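Asker:
Residue numbers (the numbering used here): 223 to 337.
1. Going by the DSSP bridge assignment, what does residue 289 pair with across the sheet?
2. Enumerate in chain order the residues of its own chain whose CB-to-CB distance from residue 242 is below 8 Å, with the five nearest sequence positions on each side excluded.
3. For residue 299, which residues of its own chain have a beta-carbon under 6 Å away from its beta-carbon, when the five flanking residues on both sides are left out?
4. Considering only their Cβ atoms, is the gap separating residue 320 from residue 176 smaller than 8 Å?
5. Residue 288: which of 318, 301, 302, 307 sits nearest, CA to CA?
6. So, with DSSP's three-state summary, where would you put residue 334?
7. In its own chain, which residues sit with a C-beta less than 8 Å from the C-beta of residue 301, not counting the 5 before and 5 after it?
8. Can you list the beta strand (DSSP E) stretches of 3 or more residues lying completely in the stretch 256-289, in chain order?
9. Does DSSP put residue 246 in a helix, in a strand, or in coil?
Given below as C-alpha cells:
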C-alpha cells in the first residue's frame, strides 16, 4: 500500500529545519547531515522526503478517532547517493484528504550501520 494522495503531501518548513538542528534530546540532525543534508539547504531534505513519501510503502497504518497515521518505509534520496531506508510518519487529519508530515527516523535496518 502506498501513502494516499502522496503527490499532494505537505511538509512544514520548520519540521525539516528541526530535523537538521542539533537537539539535546532525540537528535536526528547528525544522521541526516551524514548523508549530505544541511540546514542551509533544507529544501533538499524537504524534496527528498516528498519523494520518499511517494515511493515508499506504508508499513503501518493506524486509524484513530480524528486522524489516520501512516508510517512509510522506503529509500530517502540523498545528496551523497547512499539513499538509506528511513521511516517517515504522516497524518491525514482535520477533514483533510492529503498527508501531513510529522517526523522521520532511520529505519531499523540502518540502526547498526555506520553512516
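Here a beta-carbon is modelled for each residue, glycine too, at the ideal position from N, C-alpha and C. The structure displayed is predicted, hence computed values, not measured ones.
Answerer: The relevant details are as follows:
1. 315
2. 251, 254, 255, 259, 260, 261, 264, 267
3. 270, 273, 305
4. Residue 176 lies beyond the residue range present for the chain, which begins at 223 and ends at 337; the question has no answer from this structure.
5. 318
6. Residue confidence for residue 334 is low, a pLDDT of 43 falling below 50, so the modelled location carries little weight; the figure read from the coordinates is stated next. Coil.
7. If we look at residue 301 and ignore the five residues flanking it on each side, its Cβ neighbours are 257, 258, 259, 266.
8. DSSP runs (the beta strand (DSSP E)) wholly in the stretch 256-289: 279-285.
9. For residue 246, the three-state secondary structure derived from DSSP is coil.
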